[in-house]
Every structure is written in structure tokens, then in C-alpha cells.
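Written out below as C-alpha cells is the structure these notes cover.
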Amino acid sequence: MQNRIKSKNAIIIIGNGFDKAHDLPTSYAEFADYYLKNVILKRLYNYDKDDKFFNQRFIADLRNNPLPVFERLEKSFNRKEDDNDFEFLKNNPEAISIILKNSFLGKLYNDQYNNWFDIEAAYFSELQLAITKDERNKSKEAILILNNDFDEIKRYVKEYLINIKEPENDLLIDIFFRFNFFGKENIYVLNFNYTNTFNNYKESFERTLNGTQNTPIVNHIHGDLKSDILFGYGDSTSDGYQSIKDKDIDEYMDHLKTLYYLRKSKYRELINELEIYSNYEVYVFGHSLGRTDKTLLKKVLEREKCLNIHLFKRQGKNKIEQQKSFDALIKNILRIFDNEDDVRSKVLDFESSIAFPYKKQPNLHEIEKRENYLYKSK
């Protein structure tokens, strides 16, 4: 195990994995299943030839297509609900990609993505294709269609998440927070989720063992369900990103995260908070640390003030699976940092890292023993 200097200040990074730890159906794959069953199929069952939801040209061609997949799909028009249709379309995503007017959403179904950060990266890839197409055709048609499709997906996602019931606090997670953050004087939560799942744990930090804990400040850096939500691309260090800016076409930049950050005060609030602390430690819960948030994460993780970065093993998995998911996070961190030595010195190693959440409540002696073993006092 590593001996490390600890800080009284903590930056907690919250990602979608935190919601998943509460059994919330907030993954992209779950949204895609919901949308297929409750929107796409319902509109097929009540199909209207003027419904702009569907690609009208392909709907017309569909009825004359001899392939079995289209014969089955054609029977879905204007009929009663059938669970077999859901399984059929889920296993034949190419049919979905053809019938939807929103071609970007259709491509997402066809490529069968599982993670939100993949969708943001997929948009960036489609953006580059749209630019190529527009340059070839000397127009802005492709980018206007793509941006409209992307805006529509954001509306779908927000509608879906709003209808998810807010979970009750998990006792094990409550205990985990209270015992692993005692002694901290300031906690700043960088919440990438649109949900309020974390907010319900604020009182857990107020009941820490030594009674010094202030109420955490929670920054919904990408918005929440009561406001606009940010869904876009945020790796400003890539060559492709710079190339897009050099095109001098405003529409190419409509969904880059910097625009959103400068519409709100949340990014500036984060930077100001980092300036206040003489040093801090970072704790990552359920965030992939992927490239779509690279620029922002770089600001937090690379600073000299950041003493330690705590990753957590996945509870309920065997050691091989835990190591694999831990390694995936390390690879993403390596893509963020310019200096690999900083990664080695800041990130708590796999053997020293603990699982989230605890299976049972640890006692005070165990916590004190762990704290004394891992850290040297300042």
C-alpha cells in the first residue's frame, strides 16, 4: 500500500455509475429500450402516413421490400401491441435505422451503444462526416440535419429521465460516505448527472464522526432536469476539434461543451473553488473519465494542488473483473494527463483502493487503522 499525504478538502466526481449503484435505469441502453417500446413501436401501431416521426421515403419502400425483416416490420403497422415486435426490432436494429426520420438516432440503434459518453463521441464522429459532406456539396444541409437530430435526442433523454422515480438513500452508501469522508472540512461535488440522487446524501456528510464537516456544495456541471441539460463534446485538445474551429462555420460548433459552460456560471464556480483550496483530493464515483469531458477533468486532476485521485473497485465483482474496470479508468486518466509520472504519483493503486459501497458497516477502529496506514499526517 501507498503512504500518502491527505487533504482536508475533497472534490467528489459523480457520474452515471452512481445512479446505477441505486438501480436506476439511467444507462443509454435502458433509454434505448424504453424508447423503442414506448415511442417507436407505439407510433408504428398507430401509424399515420403523414407522421413526420418516420422517414417517409423508406416507409413507402418498406411495403415493397421482399426481405423478411421488412415483411415482419410491415405487419406492425396499425395493429395491437405485441411483445414479440420489441424483441424482433431490438435484434434487427438496421430496420430501426432505416425507418426513423432522425437518422442519427437510427445510427445509434444500429451501432448498439451502451454508454452516454459513447453517444457524445458518436456525435463528434458524425459531425466530422457532416462537415465532409457539406464541403463536398458546398452547403450546410448535413450539419443542420445532424444538429436538429441531436437536439431531438436531448429532448427525448430529458423526458425519459424526468419520469424515473427518485430513489431512497441506500444505507450502505450512506455509511460509506460517513466513514470515508470524516475529517474533511470542505467537500465540493462535481455532479455530471442530471438527476438529484447524490443530493439526498448531504446530511450524511453533516453527521461525520468528528463533527467538523460542512454541508457539501453540489455543482450540477451539466445541468439538471429542472434546467437545460448539456449533451455534447468536450475534448478541446484533439486535432479534430481544432480543425472544426478552423472551418469558421458557426453551426459546426453548436454542441461543443465550451459554449454551454460560458452560458452558465457553473464552470466558473468550479474554477473559483479550486483556487480557494491550498490542496485537495479527488474521489471518482461512477464516472468513466472519458474524452468527452477531458478538458474539464484536466483542469481538476492535473493541478499540482490535487494530491490524490481515488478510484473505487466495483462491488460484487471478482478480482479479475474489478481489475479490468479499474484498468479502463486508468487508461482514460492516461489520456487526460500530459505527464504520465503524475498519474503514477496521484492515483491510489488498485490494491489500496476499496470497493463502493461497503457490504457491511466498518467500525471506527478499522477506519482509523486504514487512515493511519494509507496516509502520513501533514
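First residue of the sequence shown? That's 143 in my numbering, and the numbers climb one at a time after it. Cβ coordinates follow ideal geometry from the N, Cα and C atoms, glycine included.
Counterpart residues of residue i in DSSP-defined beta bridges
| i | result |
| --- | --- |
| HIS452 | TYR425 |
| LYS497 | Before going on, a small fix: residue 497 reads as Ala here, not Lys. Answer by DSSP bridge pairing, in chain order: LYS455. |
| TYR375 | LEU398 |
Cα-Cα separation, residue i to residue j
| i | j | result |
| --- | --- | --- |
| VAL426 | PHE173 | 24 angstroms |
| ASP225 | LEU471 | 38 angstroms |
| LYS191 | GLN198 | 8 angstroms |
| ASP165 | GLY159 | 10 angstroms |
| ASN151 | ASN421 | 7 angstroms |
| LEU412 | ASN188 | 48 angstroms |
| LEU142 | LYS307 | Outside the shown range of the chain, which is 143 to 520, sits residue 142, and nothing can be said about it. |
| ILE386 | ARG320 | 46 angstroms |
| PHE492 | SER407 | 36 angstroms |
| ASN279 | ARG410 | 40 angstroms |
| TYR383 | ALA163 | 33 angstroms |
| SER519 | GLU310 | Because SER519 sits at a pLDDT of 39, beneath the cut-off of 50, its placement in the model cannot be relied upon, and the point is left open. |
| ASN180 | SER369 | 24 angstroms |
| LYS184 | ILE241 | 14 angstroms |
| GLU229 | GLU236 | 13 angstroms |
Contact set for residue i: own chain, Cβ-Cβ below 7 angstroms, skip 5 residues either direction
| i | result |
| --- | --- |
| VAL360 | VAL331, ASN333, PHE340 and ASN341 |
| ILE304 | LEU367 |
| LEU288 | PHE246, GLU268, LEU269 and ALA272 |
| LYS399 | LEU372, GLY374, TYR375 and GLY376 |
Residue j beta carbon less than 8 angstroms from that of residue i
| i | j | result |
| --- | --- | --- |
| ASP377 | LYS436 | yes |
| GLY365 | GLU262 | no |
| LEU449 | SER149 | yes |
| LYS243 | PHE195 | yes |
| TYR402 | LEU372 | yes |
| ILE451 | LYS488 | yes |
| ILE315 | PRO499 | yes |
| PHE259 | THR434 | yes |
| TYR255 | TYR336 | no |
Contacting residues, own chain, Cβ-Cβ under 8 angstroms from residue i (five flanking each side not counted)
| i | result |
| --- | --- |
| ILE521 | With the chain covering only 143 through 520, there is no way to say anything about residue 521. |
| TYR302 | PHE173, TYR176 and TYR177 |
| LYS459 | SER467 |
| LYS447 | LEU416, TYR419, SER420, ASN421 and TYR422 |
| THR379 | LYS436, THR437 and LYS440 |
| THR357 | LYS344, PHE347 and GLU348 |
Opening and closing residue of the alpha helix (DSSP H) in which residue i lies
| i | result |
| --- | --- |
| VAL442 | 436-443 |
| ILE472 | 461-478 |
| ASN290 | 283-304 |
| ASN361 | No alpha helix (DSSP H) holds ASN361; the beta strand (DSSP E) holding it covers 359-362. |
| TYR170 | 170-177 |
| ARG433 | Per DSSP, ARG433 belongs to no alpha helix (DSSP H) and is neither H nor E. |
| ILE182 | Careful: ILE182 lies outside any alpha helix (DSSP H) and carries neither H nor E. |
| ASN226 | 225-232 |
Residues near residue i by beta carbon distance below 6 angstroms, same chain, minus five either side
| i | result |
| --- | --- |
| ASN474 | LEU431 and GLY432 |
| GLY157 | PHE334, GLY428 and HIS429 |
| ARG456 | GLN464 and SER467 |
Element boundaries [beta strand (DSSP E), containing residue i]
| i | result |
| --- | --- |
| TYR330 | 328-333 |
| ALA152 | 151-156 |
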